[in-house]
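Protein sequence lines correspond, in order, to chains A and B. Counting from 5, one number per residue, gives the positions in the first sequence under this note's numbering. Counting from 1252, one number per residue, gives the positions in the second sequence under this note's numbering. Even glycine gets a Cβ: it sits at the ideal position worked out from N, Cα and C. As the structure is a prediction and not an experimental result, all values here were calculated from the model. Single-structure report; data block below.
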Amino acid sequence: MADQPTLYSPALLTHARAPQHAGRLPAPTHTATVDNPLCGDRVTLHLRLDQGQIAAVAHKTRGCALCIASASVMAAQLAGMTAADGHAAVRSALDTLAPEGDLAAHSHLALFVGLRAAPARARCVALPWQALAAALEET
Amino acid sequence: MPPDDIDAIRAQFPGLHRTVHGRPLIYMDSAATAHKPRAVLDALHTANTRLCANVHRGVHTVSAEATAAHEAARAAAGRFLGAPASEIVLTSGTTEALNLAAASIALRPGDRILLTAAEHHANLVPWQLAAQRTGARVEPIPLTPDNTVDLDAYRALLAGGRVAVVGFSLASNVLGSWVPAAQLSAGARAAGALVVIDAAQAAAHGPIDVTALDADVLAFSGHKVFGPTGIGVLWARRALLDAWPPWQGGGDMITRVSFEETTFRPPPARFEAGTPNITGAIGLHAALDWLEGIGWARIQRREAALRDHLRPRLAAVPGLTLLQSAPDLPLFSFTLDGAHPHDVGTLLDMEGIAVRTGRHCADPLHKALGLAASTRASLSFLNTVQECDALVAALHRIREVLCG
């Protein structure tokens, strides 16, 4: 289409069609499932922490292209993080997704820069990050 | 005005003449709320200027005029339903009206409340609350595989006895079809149950006559019939209204108040505590008059033409499945293989096309259909064939973007 929105860029759709770290872990140490009650989207996140660091990540995401792409982008950057690092990353992502946040300047959210034309969809991108926060709350 | 001079009618709707993402707005979310014609906007302005006063209170001229306008709206709502003004309670909308009815109808432990599986949450949750309070229970009337009410199952449910209430949406906000109201009412009547009708979706699409429907309670909202938000109508048979206790307490619904004893006005005032939505009532009256001026014949002719134009073209989009293959209304809920409804909705929005995505306040129906969500294009008679074609063309493009 002539002025195809940048939101659904080829890079985003690549993540959405073939998300990284999709699936489940055989022996997760931390798990969480979060839902978006408005649309029924659901992210189940599995983490395995080894000596305080995230050693393995998997997510099972039932949702829209934005939610799946967000889970894919997020999962790809978690290896080696401590729980404190993960919480900081969640805060940073959710702050950046807020209306005044600078998506283009955020290393992991630049893919979603087109979101400003569809502000109601920020919660779709936020859902995997909420799953990460919930999983790390687990003791 | 020639019968099909839709441009002249559309010109009365300032809200339709804007752009979204640089494109002319194509509004296909009328089932959520309808746009408002100039006649309604002018009435709202008058209500807040010349008629700005409280009602039922003042001896001054403006209050008397506002009271007359407010009561004229009640009478107009009654005429719209074929009922006397004395049986019309003005509410904030269909949801409040159904909550009032569900809270007021006398239910006993073991009573059964039958609701179709396609109900909007507004005609389900109030009954669940009533059931929790009284020990009654809510049971779904299932749908057939082609998503119409399963009348055989309904008869079997009635035969189980103790049915106190049968509730149904006259037209489904998801399936776009009329329910078999006559059979549902007749079955309820024979079983001694009350018939409660949610007409929120139906009211914009055809005449409603509470006597012909053999209903006991019926509700609709102003904002779906080209009126303002925040105003709705509860109609109930006089005998029911007389039997129901006060719902909310406050001014306007009382005759005498003392710390020892308070007495209440007769219906409908008994159910209208506090300063009412005077502006909304006056706006609703303008909307109902405006609808009458357009006429159901013209509305239904245009709606049928739009429906018949759009249906086969939607069905021909590869991967598109209609939830109801032959809806009565120009209302189409659908899924697109490989495309999440939210992505479809956002991509349509980028082209200026407003649709609803999600579960449309009908979670149980989506669950029954095995769907997480759907996309809904709901038209009014104000839409055009060109807009229908724009929707279909956009869906073909979106499919290519999302499904490769």
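Listing by chain order, which chain B residues have their CB less than 9 Å from the CB of R120 (chain A)?
Going along chain B, no residue has its Cβ under 9 Å from R120 (chain A), so there is no contact; the nearest lies around 12 Å.
At the 9 Å Cβ level, is T1597 (chain B) part of the contact set with chain A, yes or no?
Yes, because at least one Cβ of chain A sits closer than 9 Å to the Cβ of T1597 (chain B).
Alpha carbon of S74 (chain A) to alpha carbon of S1584 (chain B), nearest angstrom:
27 Å
Using the C-alpha atoms, what's the distance from G1531 (chain B) back to A1326 (chain B)?
Cα to Cα, A1326 (chain B) sits roughly 14 Å from G1531 (chain B).
Just reading off the alpha helix (DSSP H) that R1737 (chain B) is part of, what are its end residues?
Residue coverage of chain B in this structure runs from 1252 to 1655, which leaves residue 1737 (chain B) outside it and unanswerable.
Would you be able to state if there are at least three C-beta pairs under 8 Å between the region 1432-1441 of chain B and the region 1394-1407 of chain B?
In short, these stretches touch, since the Cβ pair count reaches three.
Reference V1446 (chain B); option with closest CA among B:I1604, B:A1641 and B:A1353
Ranking B:I1604, B:A1641 and B:A1353 by Cα distance to V1446 (chain B) puts B:A1353 first.
Does the CB of A126 (chain A) have a neighbour CB from chain B at under 9 Å?
No, A126 (chain A) lies away from the interface with chain B (no Cβ there is under 9 Å from its Cβ).
Between the region 1469-1482 of chain B and the region 1521-1536 of chain B, are three or more C-beta pairs nearer than 8 Å?
Yes, the region 1469-1482 of chain B is in contact with the region 1521-1536 of chain B.
From A:R21, A:L42 and A:A31, pick the residue whose C-alpha is nearest to that of A1613 (chain B); which is it?
A:L42
Would a check of beta-carbon distances place P1569 (chain B) closer than 9 Å to chain A?
no
Any Cβ of chain A within less than 9 Å of the Cβ of V1652 (chain B)?
At least one chain A Cβ lies under 9 Å of V1652 (chain B).
Just how far apart, CA to CA, sit N1528 (chain B) and V1340 (chain B)?
12 Å
Quick check: what's the CA-CA separation for G1412 (chain B) versus A1487 (chain B)?
24 Å
Which residues in chain C sit within 9 Å of R1610 (chain B), going by Cβ to Cβ distance?
Note that chain C does not occur in the displayed structure, where the protein chains are A and B.
For K1618 (chain B), count neighbouring C-beta atoms within 10 Å of its own C-beta (all shown protein chains included) and say buried if the count is 16 or more, exposed if not.
exposed
Beta-carbon separation of A1444 (chain B) and V1416 (chain B) under 9 Å?
yes
Taking only beta-carbon atoms, is P9 (chain A) less than 9 Å away from chain B?
Note that P9 (chain A) has pLDDT 44, beneath the 50 cutoff, so the model's placement of it is unreliable and the number below is only indicative. Closer than 9 Å to some Cβ of chain B, the Cβ of P9 (chain A) qualifies, so yes.
Determine the direct distance from the alpha carbon of T1284 (chain B) to that of A1454 (chain B), and round the result to whole angstroms.
12 Å
Assign V1313 (chain B) to one of two classes, buried (16 or more other C-beta atoms within 10 Å of its C-beta) or exposed (fewer than that).
exposed
With L1653 (chain B) and L1620 (chain B) assumed to form a contact (beta carbons below 8 Å), what rounded beta-carbon distance in angstroms separates them?
Actually they are not in contact, since the Cβ atoms of L1653 (chain B) and L1620 (chain B) sit about 21 Å apart, beyond 8 Å.
Can you look up V1476 (chain B) in the DSSP assignment and give me helix, strand or coil?
helix
Among B:D1503, B:R1330, B:W1378 and B:P1517, whose alpha-carbon lies nearest the alpha-carbon of W1495 (chain B)?
B:P1517
V1595 (chain B) to S76 (chain A) span [Cα, whole Å]:
20 Å
Over the uninterrupted beta strand (DSSP E) stretch that includes D1449 (chain B), give me the two end residues.
L1445 to D1449
Would you kindly work out how many angstroms separate the C-alpha atoms of Q1263 (chain B) and A1290 (chain B), rounded to a whole number?
8 Å
Cβ-based neighbour list, A1381 (chain B), same chain, cut-off 7 Å, excluding 5 preceding and 5 following:
A1353, A1354, L1358 and A1387
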